[in-house]
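If you read the sequence shown in the working numbering, its first letter stands for residue 9, the second for the next number, and so on.
Just so you know, even glycine gets a beta-carbon here, dropped at the ideal spot from N, CA and C.
Report on the structure given below.
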Amino acid sequence: MKKSLRYRFHSGKNWKFFYYSKNIARRLVPRWVYNLVFPLRCKCLMKGQNMEYLMDRVNYYCKLDEERELPTEVGAMSRIKDGHPAVYYHDFFRTHRFFGKEMRGAMLPGDITYVPDFPTFLKSRPIKGDNRNSVVLKLCRVRHFVFLKDTIKFEDKEDKVIFRGGVIQPHRRLFMQKFFGHPLVDACEVTKRPSSNPPEWKRPPMTLYDHLKYKFIMSLEGNDVASNLKWVMSSNSIAVMPKPTYETWFMEGRLIPNYHYIEIKPDYSDFEERIKYYIEHTDEANEIIKHAHEYVAQFMDRRREDLLEILVMKKYLKMTKQV
């Protein structure tokens, strides 16, 4: 499926050229330089920070509450070689570069929907159950951490729900089967992969900014989390979704239904009723947008975000008896 020039240069997504350029430059710096500047960097990042807030988030990402040994086969983090997808290895290096070469740790790239047998760094984990071995870092940030500046007021947007994405998972296919062509919905499949879905479902990709013409945007989980949720919650549109089952650095498990997003049932049986309600109750819809913006704001402080990753890794090393 070909992408237009407008989509390529004004999609709203992060530019991977700059992302890779920065990360390649980081790799060229000798590790001893990072070790040398690390105390000064930490001191600079810590200045003026709210420690109670910091530790609350650190303990959320790393829930290890007792010391434990890593398996002997777990090697030094510095020896974890680049693999696919490369973004996970770049983001992992961004944090572990400040720690000694001998420090050990495991990292799983990709969409992880299970809890590992021992403490492991990853992007995503199940929200329910004992997920202490799943230590969350801000991995795959170039794709997942996109925020938009939306200049269109909620009242000026179209009274519809938009969905664009791959339709592989059964729950996404169910949504398309129920609501493709519905007067309240603009839903299409966007994928490069061969698909057995009806051909009329397929459309070219839209820019993220084109999504913002609509009052409501579906944020359906894919293999793990809904990757569009961050930028939707930064906009003046409202995320519509069932209660999330997976979470990332965005702490989806802390989102409050009908406060940060519009919750619908997993079988979509109340979908039409919920959308019509918020079309008619504009004040309540704007309250959700306000709360979503407040939630997103905590991720906009780059200094604090960098510090949090360092503190999460430091706790991991402490709880695995390495510092």
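Backbone CA spacing between residue i and residue j [nearest angstrom]
{"i": "F162", "j": "S245", "result": "6 Å"}
{"i": "A195", "j": "V233", "result": "19 Å"}
{"i": "P191", "j": "K168", "result": "8 Å"}
{"i": "H98", "j": "D90", "result": "8 Å"}
{"i": "A293", "j": "I287", "result": "8 Å"}
{"i": "H218", "j": "M226", "result": "According to the sequence as given, residue 218 is Asp; it is not His. Near 14 Å, if we compare the C-alpha coordinates of M226 and D218."}
{"i": "Y254", "j": "R133", "result": "6 Å"}
{"i": "V95", "j": "C148", "result": "5 Å"}
{"i": "C70", "j": "F100", "result": "15 Å"}
{"i": "V320", "j": "V150", "result": "20 Å"}
{"i": "F224", "j": "H299", "result": "15 Å"}
{"i": "T328", "j": "T121", "result": "23 Å"}
{"i": "V37", "j": "H92", "result": "22 Å"}
{"i": "V144", "j": "S235", "result": "16 Å"}
{"i": "M259", "j": "M63", "result": "14 Å"}
{"i": "R49", "j": "T290", "result": "46 Å"}
{"i": "K200", "j": "P117", "result": "22 Å"}
{"i": "Q330", "j": "F107", "result": "11 Å"}
{"i": "R312", "j": "K55", "result": "10 Å"}
In DSSP terms, what residue i is bridged to
{"i": "K210", "result": "E197"}
{"i": "V154", "result": "For V154, which the question treats as bridged, DSSP gives no partner whatsoever."}
{"i": "A33", "result": "For A33, which the question treats as bridged, DSSP gives no partner whatsoever."}
{"i": "A247", "result": "I225"}
{"i": "M112", "result": "The residue you asked about is not Met; residue 112 is Arg in the sequence shown. DSSP lists A84 as partners of R112."}
{"i": "R172", "result": "C196"}
{"i": "E166", "result": "Y222"}
Check whether residue i and residue j have beta carbons under 9 Å apart
{"i": "K131", "j": "W257", "result": "yes"}
{"i": "A84", "j": "R112", "result": "yes"}
{"i": "Y267", "j": "M249", "result": "no"}
{"i": "F129", "j": "M115", "result": "yes"}
{"i": "R282", "j": "L228", "result": "no"}
{"i": "I170", "j": "Y222", "result": "yes"}
{"i": "K186", "j": "Y61", "result": "no"}
{"i": "K238", "j": "V304", "result": "yes"}
Assigned secondary structure, residue i (DSSP; H/G/I helix, E/B strand, else coil)
{"i": "M9", "result": "Unreliable placement is indicated for M9, whose pLDDT of 47 sits below 50; no coordinate value is reported for it."}
{"i": "K322", "result": "helix"}
{"i": "F129", "result": "strand"}
{"i": "I120", "result": "coil"}
{"i": "D138", "result": "coil"}
{"i": "Y269", "result": "strand"}
{"i": "F183", "result": "helix"}
{"i": "Y254", "result": "strand"}
Residue of the options minimising C-alpha distance to residue i
{"i": "L325", "options": "M249, K109, Q177 and K146", "result": "K109"}
{"i": "E208", "options": "L216, P38 and V198", "result": "V198"}
{"i": "S19", "options": "P274, P212, R312 and V331", "result": "P212"}
{"i": "N43", "options": "E75, Y68 and R102", "result": "R102"}
{"i": "R358", "options": "S242, R140 and G189", "result": "Nothing in the structure corresponds to residue 358, since the chain is present only between 9 and 331."}
beta-carbon residue i near the ligand NAD non-hydrogen atom, thresh 8 Å
{"i": "N141", "result": "The ligand NAD is not part of this structure, which contains no ligands at all."}
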